[in-house]
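Data block below; observations after.
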Amino acid sequence: MKSSLFNFNFLYCINHDEKRTPLTLQSLIIHPEAKNECLEGFLNCSKCGIKYPIISGVAIIVKDLLKYAAQRPTLFGKWYSECESQAMKEFLKDLSMNMSNKDVTIEDRYESYGRYFHTYKWLHNESFESDKFLHLLRWKIKPSDIYKKLTTGINFNPEGIALDLGCALGLSTFELSKKFSFVFGVDTSFSFIVEAKRKSLESKITNTEFFVADILNLPFNNQKFDLVFGLNILEFLPIEELLPQIHALLKPNCMFVTTTPYDYNREIVFNPDLNDQVLRLKLEKMGFEVTIKTKKESYIPWILKINERTYLFYFLDLIEAYKVSKHKH
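Given below as structure tokens:
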């Protein structure tokens with residue numbers, strides 16, 4: 570977590586609905602080379618006293634940390650074994666005293682040991698030449714190029730701030746960082762965010778920050794962003810809650826860019842009746858105006874590798890929509 574962020578009031582305590590209490594940084598361990606990076610510490614709220622931990626450089630800003638940790642017991646054990654400061658060990662030890670796996674659904678599919686982590690990490694490869702399936706295709710496809718393709722139409726805004734929802738390992742965030750002064754990437758997977766942070770440090774990308782957060786409860790003020798970007802998140806979240814929050818986060822006349830495969834073959838489905846027409850109508854009813862070039866459904870190829878012998882091929886629908894009012898209808 571970049572300590573320089575706290576020279577400005579970017580992040581606010583999510584324990585308060587009004588999001589007006591800024592979080593302060595308590596650093597315990599600083600990166601030995603990148604002195605601006607806090608590797609271990611806490612984000613503190615002066616109003617309610619809550620502490621959001623920073624572990625391996627990643628802030629975990631969730632309302633129910635106990636539940637988040639209980640859903641990822643293997644990850645929690647890794648946190649405790651690898652943390653270096655006594656203060657963090659004590660914090661995690663106290664947390665474990667109240668932890669119970671009873672009636673808790675394990676949610677670790679996207680962590681480093683989960684079933685989907687390597688699927689998404691494959692998407693972020695530097696080279697696909699040795700991939701057996703891609704080698705068979707008549708048209709050569711580099712799956713990671715989709716992030717460049719989807720950000721091509723976004724205008725350069727050197728003073729703007731963007732938000733990447735469900736950023737995974739950060740490829741879309743890094744593409745956006747070429748067009749905006751600063752980009753925040755958020756995801757619920759701690760392992761994804763660790764990889765994104767590692768990549769940003771290795772590549773010396775200084776205008777991004779990543780942290781773990783619930784998309785439906787983000788630590789930001791309203792009208793904070795010049796762009797909100799959310800690829801393939803609509804199938805995982807209740808759209809009636811998601812769209813109003815995105816609308817509130819955007820500055821007037823700024824854009825929301827999203828894609829979806831309208832895929833409902835996953836474990837959790839929130840919007841089973843969603844299709845290209847329904848989605849565009851919902852956006853318009855909630856105060857957005859869909860751009861002319863994305864009025865019609867699109868078919869952008871997207872590939873996921875499940876394992877050595879199994880791939881998923883999707884066509885994504887791209888929508889770009891401007892915030893025009895609180896409610897259009």
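Going left to right, the sequence shown walks through residues 570 to 898 as this note's numbering numbers them. Ideal Cβ placement from N, Cα and C applies to all residues, glycine included.
Contact belief for residue i with residue j at Cβ below 8 Å, rounded distance in angstroms
i	j	result
V781	F798	Contact flag wrong, Cβ pair sits at about 18 Å.
F743	I774	6 Å
I624	E609	6 Å
L885	T829	7 Å
L737	F753	As written in the sequence, residue 737 is Ala, which differs from the Leu given in the question. Their Cβ separation, rounded to whole angstroms, is 14 Å, which puts A737 and F753 out of contact at 8 Å.
Y542	K636	There is no way to answer for residue 542, as the model of the chain reaches only from 570 to 898.
Y883	C823	That pair is no contact at about 28 Å.
D756	K632	No, D756 and K632 are not in contact; Cβ-Cβ is about 16 Å, not under 8 Å.
G722	E889	7 Å
I715	W871	6 Å
S713	L745	Their Cβ separation, rounded to whole angstroms, is 15 Å, which puts S713 and L745 out of contact at 8 Å.
Pair within 9 Å by beta-carbon distance, residue i and residue j
i	j	result
F611	L634	no
E778	F751	yes
V859	R849	yes
K865	D842	no
A656	F645	no
Y679	S758	yes
I808	N786	no
V763	G626	yes
C607	M570	yes
P601	L661	no
F749	F579	no
For residue i: DSSP bridge partner residues
i	result
S596	G610
P591	Y581
K571	E606
D714	The partner list for D714 (beta bridge, DSSP) is empty, contrary to what the question assumes.
N840	Bridge partners of N840: none, in fact.
E858	Y891
Bounding residues of the beta strand (DSSP E) (the contiguous stretch that carries residue i)
i	result
G799	794-800
D733	726-734
I872	869-876
I630	627-630
E889	879-892
D756	749-756
Endpoints, alpha helix (DSSP H) assigned at residue i
i	result
L811	808-818
S741	740-745
I762	759-771
A737	First-last for A737: undefined, no H or E at that position.
Min CB distance residue i to chain D below 9 Å
i	result
I583	Given the protein chain composition of this structure (a single chain), no chain D is represented.
Is the stretch 730-746 in contact with the stretch 786-794, if contact means three or more CB pairs nearer than 8 Å? yes
May I ask you to verify whether the stretch 873-881 touches the stretch 683-701, counting CB pairs closer than 8 Å and requiring at least 3? Result yes; three or more Cβ-Cβ pairs closer than 8 Å.
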